[in-house]
Amino acid sequence: MKLFFSAGEPSGDLHGANLIRAIRRRDPGVEVTGFGGPKMAAAGASLHYPLTELSVMGLRRVLEHLPTFFRLAADSERLFRDDRPDAVVLIDYPGFNFELAKRARAAGIPVYYFVPPQLWAWRRGRVRQVRKWCAGVLSALPFEDDWYRARGVRTHYVGHPYFDELANQRLDPSFLADERVKGGAVVGLLPGSRNQEVAANFEMMLAAARKVKAARPDARFLVAAFNDRHAAQVREAAARAAFPVSVHVGRTPEVIELA
90 MKLFFSAGEP SGDLHGANLI RAIRRRDPGV EVTGFGGPKM AAAGASLHYP
140 LTELSVMGLR RVLEHLPTFF RLAADSERLF RDDRPDAVVL IDYPGFNFEL
190 AKRARAAGIP VYYFVPPQLW AWRRGRVRQV RKWCAGVLSA LPFEDDWYRA
240 RGVRTHYVGH PYFDELANQR LDPSFLADER VKGGAVVGLL PGSRNQEVAA
290 NFEMMLAAAR KVKAARPDAR FLVAAFNDRH AAQVREAAAR AAFPVSVHVG
340 RTPEVIELA
């Protein structure tokens, strides 16, 4: 069996990697190709393009990358024709993945949406495209499953993949002990996993943290950074604001636990 995956965000890369591993436990011979990120590659996917590097927000940034998106959409048509997969699996990222769904459907390849876009919260009319292009939706939330089914979309409720991720997490007891001995009320700051999210969110988080600190002088602020680049960005912003924070990479579960 050959599957084509497409995930364009770090969270989608994580969910895609976990799904690939789960599928391969049932069928070790399955071949996975597509667009994604490093976690999917580590799970055994052969990536035609590292799409998570284009995890952009806002009209201006999307426009900057339009030529790349158009090229990848055209490449997908060739891949669907010359290296025809048995099914296409899309993970969130609706702007680009809707285009892939349309092209896969035109090629007669069944399309399945895993962790579908939250159309119930925005642009509800786009459910017509999901109904037209997708053979099925693997829904993450109970009410989401009902919402899609009521609009004529074939669904199968699988639950939110983050619960699987939580079950596999092992917190670092030494890190937790070292932080707890410092005392004070711990406030976790999670600015996001995209470059633009960090740029847009963290200044506002610092302003809020300053107000919290005024009300609770014992408060300590731990930042969960997605990667080293984001950590440097956060430290620079905190230094400009002259506000003390402790920045950690790869410690999001521990920061949440402490908070």
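As numbered in our numbering, the sequence shown has no gaps in its residue numbers, which increase by one up to the final residue, 348. Ideal Cβ positions, reconstructed from N, Cα and C, are used throughout, including at glycine.
- If you look at L255, you'll find it in the alpha helix (DSSP H) that goes 250–257.
- Non-local C-beta neighbours of I180 in its own chain, meaning closer than 6 Å and more than five positions away in sequence, comprise A96, G101, H104, G105, F203, V204, ordered along the chain.
- A direct Cα-to-Cα measurement between P262 and E286 gives close to 30 Å.
- In the structure shown, the three-state DSSP call for E142 is helix.
- Contact between V334 and L278 holds, since their C-beta atoms are separated by about 7 Å, short of 8 Å.
- Per DSSP, the beta bridge partners of G225 are Y201.
- V312 is bridged by DSSP to L278, V336.
- Inclusion of A308 and A314 in the CB contact set at 8 Å is not warranted, their separation being larger than that value.
- Taken through DSSP and simplified to helix, strand or coil, K91 comes out as strand.
- Distance from the CA of P280 to the CA of A274, rounded to the nearest whole angstrom, comes to 19 Å.
- If you look at V323, you'll find it in the alpha helix (DSSP H) that goes 317–329.
- By the C-beta density criterion, R329 is exposed, having fewer than 16 other C-beta atoms within 10 angstroms.
- In this structure, the beta-carbon distance from V178 to F94 falls below 8 Å.
- Judged by beta-carbon spacing, G126 lies within the 8 Å limit of P99, meaning their Cβ atoms are closer than that value.
- Looking only at L230, F158, F187, G248, the smallest Cα-Cα distance to A210 is reached by L230.
- Beta-bridge analysis with DSSP links T244 to V226.
- Excluding five sequence positions before and after F332, the CB atoms of its chain that fall closer than 7 Å to its own CB belong to L295, A298, R299, given in chain order.
- Judged by DSSP in its simplified three-state form, L108 adopts helix.
- In this structure, P183 lies away from I198, with their beta-carbon atoms at least 8 Å apart.
- With 16 or more other Cβ atoms from the protein chains shown falling within 10 Å of its own Cβ, R340 counts as buried.
- Sequence-distant partners of A162 (beyond 5 residues in either direction) whose C-beta falls short of 6 Å from its own C-beta, in its chain, are E188.
- Its chain contains V219, R220, V226 as the residues whose beta carbon lies nearer than 6 Å to that of V242, once the 5 sequence neighbours on both sides are disregarded; these appear in chain order.
- Going by DSSP, A239 is part of the alpha helix (DSSP H) stretching over 231–239.
- Closest option to F264, judged by alpha-carbon separation, among E120, E346, N107, D171: E346.
- Cβ contact annotation for P342 (same chain, cutoff 7 Å, sequence separation greater than five): Q258, L260, in chain order.
- Comparing C-alpha distances from R213 to each of K191, H245, W236, R324 shows the shortest one belongs to W236.
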